[in-house]
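The block underneath contains the structure these notes are about, expressed in structure tokens.
Chains as they are written, first to last, in the numbering used here: chain G, 1 to 563; chain X, 1001 to 1337; chain W, 2001 to 2328.
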């Protein structure tokens, strides 16, 4: 970020009036290389307003707040604070202007006291530059008292809960007389009581006239506290809304980008334009995408069967059964626990409760290695950090998992290896100058196909795909979708995590819906359509949501509704 | 290396370009300014000459550099190789003096090397200490252990077998050179004809992704550190054999620096990932030529480290992505203006 | 006040326990061990190591490492010996020049590490070679310093006597310098913005950056301080030995790092203290003293015991971190 030239201020937008909005963002643009992260976004925040910013992955929320917070520098558009154009050059600069950000990962120093974290870098000093510690402590006590927090300011940050750290971060942000406070998903790892406490703090600050931009994935919280809502999608503004006149289902459809029509009370589903099946999973053969192959071979043993599977602080109450040749979708908003669930099936995270059976045998997966031995495969959501081995060749990336299967001492004979790589490159249409090119030189879609090839080479029984089409071009998306169809025909079980609902219902016959890190519905057959999924996500529960054969998953009941 | 084909060997050639160029430059310099540098003569069926000397002395660094390459490729580093070499040499000499047969002495030295390396590996993989920190422990304590073995004395011994390792010759070439060739061949075969090389590179390039693909990352690292210990042990035997004595205080002194430098010169990134064994051996020879050239230009052995350090700095800077980024920015800014 | 110590203080408390334990053990095993003379010698013999370890404390708290310490000390000692004896420079400007060169050397290393994101161990390893080579380039052998200013004024007149024990004990200037350095370093690290920033970048550099701390400036300064302290240790070493030697102080960086770790500073960075380091140096010295008192043990036992102690403390640190994570 430090290598661009400072951008010029925009003198045009310099009307100074008493009733100027606290923050006025107009036509903000930002590119990262070829990727357009923000394409002309507007945002208006008033004094004493809690403004919720909503959007799915890649909507541009974090880019927007990082531009406001001085971490990124926008390429175009204007930002004005109380009518005065601003261009924060660094986080410190933004704070000086009056914009303070509390990032999701809470950027504080773990092995320092709460008091010190609040004033670090701007401690009051006395003669010879000695820090006046009693003043540091007093300031911290005042700042935390303002948030209604009574704790010893001398204790180590690392010994405090996430909730207290969050409040300390807010106290630090307020310590510089902030006018606008940006909270990036502050509630994502708080429990119910802590969320209530945070909400109380936000209300108090709102009463003090502070403007707050609040990013969250929990719709309950949106409706509980938002004065205004701005929705972004794919780097563009969808619109600004009044929560009172924006039904939940409408909000979800705006975020996801699908038109939503209220569910029809009749059990007969409306056929959509997509190829989603219109009947229950195991019956009618459809000519379109190879459902004929779903002959119920051995209905007795599921490839994978989770009962009440969960992990403390991550997800709970997961009940999923996946049979041979089935494709099950995991849907939910960002932060609903969909990736976390997928990771439990692969041993990438360890389950702490419930049970999991693979091919009829109970297992406790402690590492991906053990999952791989049970013929489970998974492409992770983050392709760059957990998928590709960037500087190794396409060939090596494809052969890696198979080599792991064979063990250290049995290398794949070079002729066989070449044939395999060649076959996969051709059948998956991986566009690479040569199989020896480093995989990082490929486009995102082709990297993803190489990763799929890596796992397909091991011939897995269960293939877990965490957002396999994220950030790749349309052509590659269609190819991957077709590939999943073919795999199903071959009898492979697939667990698909997807944020694009249209895609999920197109590919899957059965969809598990997650909300607030628990399973809330299982839809199949005629109910497996976007409308029903959105209803489940939005907690708008139609009477006829099908509950799977598994033990009763908790329904909307205890998640609070519209309190 | 042989299983690679096409553009992959082209890219490994590119990585070797820098050490090759430096090597040729140094040879050219010596051709012009050091009389008799290239003279080789045969006496008693053995080759003699400056170049042979360089090969001979470079072999010790080269062997350690091969082990170090594996460790660095996993994203680690081993600072204890000098101390481990001292331990191995001390143990072998001590056993010879106390009446053991030479094969037993030699095997004990090598086994101690493996154990020391495995110890480092356990600290790195089980205790999850940073590699620098983990190997620092043995770097501190190792020399003390070596002196414990020699009782603080310089042990001189008389054993034709042990002496042969550092001073003998085979096929006209000094025996250390043959050992380097054998170590290189075995390592290359193990690395490239089994999956070890692939796994090492995966762990070093992207440890999280390697784990997600089921690569046994701990076992791979343990193996790398143990191999490095073995190589250090062998180097310790060569040194102890060459001077016909075990000097716990000075054996393997600064060996870690020479070995790391050789690896970096050879084109293996300190951040891990792709590695080149040939490159590291070339790097070792490059260091030895540089040292020899300095001596022949009448730079004292004590001052020689200074110019070597400057070479390290220049090479590191050339390998630094940050520098390349800066240069690229400079160029683009100029183009933009 | 809390009775249960914060986890970050446990390693330092362990150091205190080891220090007291070692001294008690020595007193119990050897007659004449528990005497003012032994304590005095502990300070005098380890003053230069202590000063170097204080510099290393800054670097390690910032999450880095400096391997050039010993070589810079050797370079400094031979530089001032040569300036005084061969070029007739007065000891004070000679020492001043050495200190400036040491600081500049450290700043250069820091700038390379910061600007080009190079691993600190590699840059300072190269620095170690460079300084060692330059030391030999100044003068290839040990050089005695016979200048009366050092021999008489500094090492005799400035020594003061403490009325302890039957005959009183003589404290030379070098010990005063060590104590002064420790106090200043302690004040800087605990009570100044710069010192707190050093802790912050060692604990979480990314967060420190987003909190608006001057990360680049702080890191370069930390290596500058380490270079300065190494040169300072070199000056004290030259005073102590009354000579300069380009081959001296080999491995001193390891002793310094070991003392810092035994002093409870986390090698990972972020947590540590000068008081701990001073105690670590004393533990280091006590081990040497006890081995000397034992008589039949050779000096290399020091390295082994120190290695074991370092390992113990590293394991202890891991354990504390693990407990801390479990608690959350």
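Every residue gets a Cβ at the ideal spot worked out from N, C-alpha and C, and that includes glycine.
Residue(s) in a DSSP beta bridge with residue i
i                       : result
residue 324 of chain G  : Per DSSP, none; premise fails for residue 324 of chain G.
residue 599 of chain G  : Because chain G is modelled from 1 through 563, residue 599 of chain G falls outside the range shown and cannot be assessed.
residue 233 of chain G  : G:236
residue 43 of chain G   : G:25
residue 466 of chain G  : G:497
residue 438 of chain G  : G:393
residue 1041 of chain X : X:1048
residue 241 of chain G  : G:229
residue 329 of chain G  : G:496, G:511
residue 159 of chain G  : For residue 159 of chain G, which the question treats as bridged, DSSP gives no partner whatsoever.
residue 64 of chain G   : DSSP, once it has assigned bridges, lists no residue as partnering residue 64 of chain G.
DSSP three-state assignment for residue i, whether helix, strand or coil
i                       : result
residue 2289 of chain W : helix
residue 1250 of chain X : coil
residue 30 of chain G   : strand
residue 261 of chain G  : Annotation note: pLDDT 49 at residue 261 of chain G (below 50); position unreliable, coordinate value reported separately. Of the three classes helix, strand and coil, the one that applies to residue 261 of chain G here is coil, per DSSP.
residue 88 of chain G   : coil
residue 363 of chain G  : strand
residue 282 of chain G  : Reliability of the predicted coordinates at residue 282 of chain G is poor, the pLDDT of 36 falling under 50, and the value obtained from them is presented with this limitation in mind. Coil, per DSSP.
residue 378 of chain G  : strand
residue 197 of chain G  : helix
residue 1194 of chain X : coil
residue 2296 of chain W : coil
residue 2218 of chain W : helix
residue 1323 of chain X : helix
residue 209 of chain G  : coil
residue 1201 of chain X : helix
residue 510 of chain G  : strand
residue 1084 of chain X : helix
residue 541 of chain G  : In this prediction, residue 541 of chain G has a pLDDT of 44, which is less than 50 and means its spatial position is unreliable; what the coordinates show is noted afterwards. Coil.
residue 38 of chain G   : strand
residue 2002 of chain W : Here residue 2002 of chain W scores only 40 on pLDDT, less than 50, and its place in the model should not be relied on; the value that follows carries that caveat. Three-state result, residue 2002 of chain W: coil.
residue 1236 of chain X : helix
Rounded Cβ spacing between residue i and residue j (contact assumed at less than 8 Å)
i                       : j                       : result
residue 2065 of chain W : residue 2059 of chain W : 6 Å
residue 54 of chain G   : residue 330 of chain G  : Contact flag wrong, Cβ pair sits at about 21 Å.
residue 1212 of chain X : residue 1082 of chain X : That belief does not hold up - the Cβ atoms of residue 1212 of chain X and residue 1082 of chain X are roughly 37 Å apart, past 8 Å.
residue 376 of chain G  : residue 358 of chain G  : 7 Å
residue 497 of chain G  : residue 339 of chain G  : 6 Å
residue 372 of chain G  : residue 404 of chain G  : 6 Å
residue 507 of chain G  : residue 327 of chain G  : 6 Å
residue 2150 of chain W : residue 2085 of chain W : Not confirmed; about 10 Å, so no contact.
Beta strand (DSSP E) segment containing residue i, residue limits
i                       : result
residue 1215 of chain X : Looking at the DSSP string, residue 1215 of chain X is not in any beta strand (DSSP E), and its letter there is neither H nor E.
residue 497 of chain G  : 493-497
residue 190 of chain G  : Per DSSP, residue 190 of chain G belongs to no beta strand (DSSP E) and is neither H nor E.
residue 137 of chain G  : Careful: residue 137 of chain G lies outside any beta strand (DSSP E), inside the alpha helix (DSSP H) at 133-146.
Chain B contact for residue i (CB, 8 Å cutoff)
i                      : result
residue 109 of chain G : This model lacks chain B altogether; the protein chains it does include are G, X and W.
Where the alpha helix (DSSP H) through residue i begins and ends
i                       : result
residue 343 of chain G  : 338-346
residue 223 of chain G  : 219-225
residue 165 of chain G  : 162-174
residue 1151 of chain X : Element bounds for residue 1151 of chain X: n/a, residue is neither H nor E.
residue 308 of chain G  : It is not in any alpha helix (DSSP H) - residue 308 of chain G instead sits in the beta strand (DSSP E) that spans 304-311.
residue 474 of chain G  : 474-489
residue 519 of chain G  : Note, residue 519 of chain G: premise wrong, no alpha helix (DSSP H); beta strand (DSSP E) at 518-524.
Review point. What residue ranges within the region 2142-2214 of chain W form continuous alpha helix (DSSP H) runs of no fewer than 4 residues, ordered along the chain?
Key: 2173-2191, 2193-2203, 2205-2210
Check your understanding: Residue ranges of each alpha helix (DSSP H) run of no fewer than 4 residues wholly in the region 2069-2108 of chain W, ordered along the chain?
Key -> 2069-2087
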